[in-house]
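Okay, structure first, notes after.
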Amino acid sequence: MKFEASLQFARKLDKEDPLRSFRSQFYLPKVKGKPAIYFTGNSLGLQPKITKKFISEELNDWASLGVEGHFHAKRPWLHYHQFSKKALAKIVGAKSTEVVAMNQLTVNLHLLLVSFYKPTATKYKILTEAGAFSSDQYAFESQVKFHGLDPEKAIIELSPRAGEHTLRTEDIVQAIEKHKDELALVVFGAVQYYTGQFFGLRKITEAGHNAGAFVGFDLAHAIGNVPLQLHQHNVDFATWCGYKYLNSGPGGMSGVFVHEMHATNFDLPRFAGWWGHNPRERFQMKKGFQPMTGADGWQVSNFPIMSGAVQLASLEIFEKAGMSNLRKKSILLTGYLEFLLTSIENFNQHFTIITPPSKTERGCQLSLLMKKNGKRVFEKITADGVIADWREPDVIRVAPVPLYNTFEDVFQFYQRFKNAIR
Ligand SMILES: *Cc1c(COP(=O)(O)O)cnc(C)c1O
């Protein structure tokens with residue numbers, strides 16, 4: 313599409329947008345009484361208006377039924393982990409038996425590493441991207457130490473080539489081949505939180521498997537943002553955040569994916585709990601853990617109903633909108649943002665977009681590496697009603713989200729940003 317830098321053109325795109333009605337299903341934050349330009353759905357997704365109804369229903373069932381709600385609530389609490397499966401499976405490209413909602417991301421990452429990081433005397437290394445999200449780094453470091461190993465030796469962090477900001481898939485594949493004999497595990501953030509780069513999951517998984525390693529992904533910035541085919545790509549495991557693109561509320565519900573090929577592998581080490589135990593015997597309180605088949609066998613504690621209700625509200629919207637429609641709009645929306653930003657005269661003197669220009673290598677987020685006065689520009693747009701996010705040392709992340717952002721939002725952002733760098 314040939315874009316134009318005018319408000320009129322942005323409004324025309326909004327009019328033609330088949331998903332335009334979804335915006336009114338969300339609460340949009342205000343700044344000084346006016347609707348904000350909200351570009352931080354990558355950090356905390358907005359609240360759907362139907363969320364209250366979902367929570368109220370659980371509160372009412374709790375009030376009227378007490379413990380009987382486990383069996384007789386509108387959505388019986390005993391089976392709650394099943395209600396999100398279908399929608400989650402579609403979003404990550406999996407079978408419903410391969411996914412389950414539980415816990416939060418870092419906790420899940422630990423549980424999965426317990427199963428899939430099985431270092432031996434020779435094969436004990438984890439390969440990941442340099443500058444991974446801190447929580448992931450801490451998880452890797454502490455897991456390595458838990459096995460009595462030295463993180464300095466056991467963790468390989470890949471950096472982009474000199475002068476480049478993002479990794480090339482061919483370099484990742486080559487590094488995996490190079491460390492073949494010592495690799496136990498390959499883990500990447502599917503969409504890198506800082507640069508917005510969407511990695512080549514299929515190629516990385518293939519290379520990891522050829523090297524005899526397990527391969528997993530942190531989908532914090534990928535789920536609900538980019539198309540995923542975890543089953544088809546033979547990814548061993550993955551986990552995600554519910555509160556970013558999935559709009560499941562602050563600190564909201566995470567979940568895991570475990571590929572079908574591991575569904576009945578009861579030899580994998582696990583940290584067990586009663587909710588992952590054979591449901592026919594769960595309440596017999598007997599000795600001897602028997603894991604459920606599939607992802608369900610990684611559950612530990614009983615299901616948090618309130619968090620789950622918040623997530624179901626959002627998943628209902630995802631079911632209606634459809635990931636492929638969202639992706640179509642997202643490519644246009646972010647493409648328009650990129651077009652406008654790079655149309656600013658001498659933009660190169662002020663900032664570089666470090667997110668890859670190819671649409672297959674990014675989701676909705678663009679990361680703007682500021683060359684001068686970055687923090688001041690950020691403060692200026694913030695005062696001007698933009699909610700974006702600043703990442704030390706010098707990046708402004710902006711994420712127009714196809715569910716609730718408009719082309720007009722993108723245009724308004726561009727004008728305020730252009731003003732601020734002047
Ligand atoms: C947001 C994010 C997290 C947050 O972890 P929690 O356990 O949900 O607090 C972890 N990793 C990545 C890559 C993230 O983007």
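For any residue, its number in my numbering is found by taking its place in the sequence shown, counting from 1, and adding 312.
The C-beta atom is built at its ideal place from N, Cα and C for all residues, glycine as well.
- Message: Checking 8 Å against the spacing of the C-beta atoms, do F458 and A502 come in under that value?
- Response: no
- Item | DSSP beta-bridge partners of V379 | According to DSSP, V379 bridges with nothing at all.
- Message: The beta strand (DSSP E) that contains E469, what's its start and end?
- Response: I467 to L470
- Message: Nearer than 7 Å: is that true of the beta carbon of D530 relative to any heavy atom of ligand 1?
- Response: If you check the C-beta of D530 against ligand 1, you find a heavy atom less than 7 Å away.
- Message: Please classify R592 as buried or exposed, where buried requires at least 16 neighbouring CB atoms within 10 angstroms.
- Response: By the 10 Å Cβ count, R592 comes out exposed.
- Message: Using only CA atoms, which one of G563, F549 and L461 lies nearest to A575?
- Response: F549
- Task: Whole angstroms is fine: what's the gap from L678's alpha carbon to K556's?
- Result: Straight-line Cα distance between these residues: approximately 15 Å.
- Return the residue from the list Q724, N717 and K730 that minimises the CA-CA distance to P330. N717
- Message: Please tell me whether, using a cut-off of 7 Å, the distance from the CB of F549 to the nearest non-hydrogen atom of ligand 1 is below it.
- Response: No, the beta carbon of F549 sits no closer than 7 Å to any heavy atom of ligand 1.
- Task: Grab the span of the beta strand (DSSP E) containing K437 for me, first residue to last.
- Result: K437 to E441
- To the nearest whole angstrom, what separates the beta carbons of S619 and G536, a pair I think is in contact under 8 Å? 16 Å between Cβ atoms; not a contact.
- Item | Rounded separation between Q320 and K684 - CA only | 31 Å
- Identify every residue that forms a DSSP beta bridge with L681. T664 and V707
- Item | Distance, K632 Cα to F338 Cα | 14 Å
- Query: When the Cβ atoms of the stretch 595 to 611 are set against those of the stretch 577 to 585, are three or more pairs found closer than 8 Å?
  - Reply: yes
- Message: Here's a check: name, in chain order, each residue in its chain whose Cβ is nearer than 8 Å to the Cβ of M604, leaving out the five neighbours to either side.
- Response: G588, H589, N590, P591 and Q611
- Please find out if some non-hydrogen atom of ligand 1 comes closer than 7 Å to the beta-carbon of Q416. In this structure, Q416 has its CB closer than 7 Å to one or more heavy atoms of ligand 1.
- Query: Where do the ends of the alpha helix (DSSP H) carrying D483 lie?
  - Reply: T481 to K490
- Message: Using the three-state DSSP reduction, which class does T507 fall into: helix, strand or coil?
- Response: In this structure, T507 counts as coil in the three-state DSSP scheme.
- Query: So, E266 versus P463, is the Cβ gap smaller than 8 Å?
  - Reply: One cannot answer for residue 266 here, as it falls past the ends of the chain, which runs 313 to 734.
- Message: ligand 1 and Y350: does any heavy atom of the ligand fall closer than 7 Å to the residue's C-beta?
- Response: no
- Query: Can you tell which of R734, I656, F428 and T551 has the C-alpha that lies nearest to the C-alpha of I693?
  - Reply: Considering only alpha carbons, the answer is R734.
- Query: Since T352 sits in a beta bridge, which residues does DSSP pair it with?
  - Reply: A711
- Message: So for I699, helix, strand or coil by DSSP?
- Response: When secondary structure is reduced to three states using DSSP, I699 falls in the strand class.
- Task: Output the distance between the C-alpha atoms of R480 and A317, rounded to the nearest integer angstrom.
- Result: 32 Å
- Exposed or buried, G357, counting other C-beta atoms within 10 Å across all chains shown (16 or more means buried)? buried
- Message: Between which residues of its own chain and T517 is the CB-CB distance below 6 Å, once the five residues before and five after are set aside?
- Response: V527, H545, N546 and V547
- Using CA coordinates, which residue listed in T352, F729, K687 and F595 is at the minimum distance from Y505? T352
- C-beta contact flag for V482 and A442 at 8 Å: Going by the sequence as given, residue 482 is Glu instead of Val. Cβ atoms of E482 and A442: not closer than 8 Å.
- Spatial neighbours of I467 within its chain, please: CB distance less than 6 Å, with the 5 preceding and 5 following residues excluded, ordered by chain position. I438 and F452
- As assigned by DSSP and simplified to three states, the class of T478: coil
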